[in-house]
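**Q** First, the structure itself, so that you have it in front of you.
In full-length UniProt numbering, the protein residues as written are 1 to 102.
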């Protein structure tokens, strides 16, 4: 496999790496640096992984809330307008009545 020139490597790296910058108060930076040091990580690695973890959590919670809302509507609809019992359900009710009485 041929070697990739340094120029091509930097082009490939630029495609993979987007830059993200933020201005924060000095106290915030100090806290982030201390937390990163506690974990033995570079501050940029700590900030990126923490932000990504928070973003995933927020998206999961948002998707869960949407699903819950849909499920709640489907549940209420089923309560207000229940489907007619099918043959299997009628047999189950009859069996229950035989076993446990009415």
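Each residue gets a CB set at the ideal place from its N, CA and C atoms; glycine is no exception. Given the structure is predicted, the values throughout are model-derived calculations rather than measurements.
Give the DSSP-derived three-state secondary structure of residue 35 in the structure shown.
**A** helix
**Q** What's the C-alpha gap between residue 30 and residue 52?
**A** 20 Å
**Q** With a 10 Å radius around its C-beta and 16 neighbouring C-beta atoms as the bar for buried, classify residue 47 as buried or exposed.
**A** buried
**Q** Nearest by alpha-carbon distance to residue 44: which of 88, 54, 38, 32 is it?
**A** 32
**Q** Taking the C-alpha atoms as reference points, what is the distance between residue 67 and residue 80?
**A** 20 Å
**Q** Between the C-alpha atoms of residue 49 and residue 64, what's the straight-line distance to the nearest angstrom?
**A** 22 Å
**Q** When DSSP labels each residue in this structure, what does residue 1 get in the three-state scheme?
**A** Any reading at residue 1 must be qualified, since the residue scores a pLDDT of 49, below 50, and its modelled position is unreliable; no value is offered.
**Q** Do residue 35 and residue 42 come within 8 Å of each other at the CB atom, strictly closer than that value?
**A** no
**Q** Just verifying my parser: in three-state terms, what is the DSSP assignment at residue 24?
**A** Under the three-state reduction of DSSP, residue 24 is assigned to coil, being neither helix nor strand.
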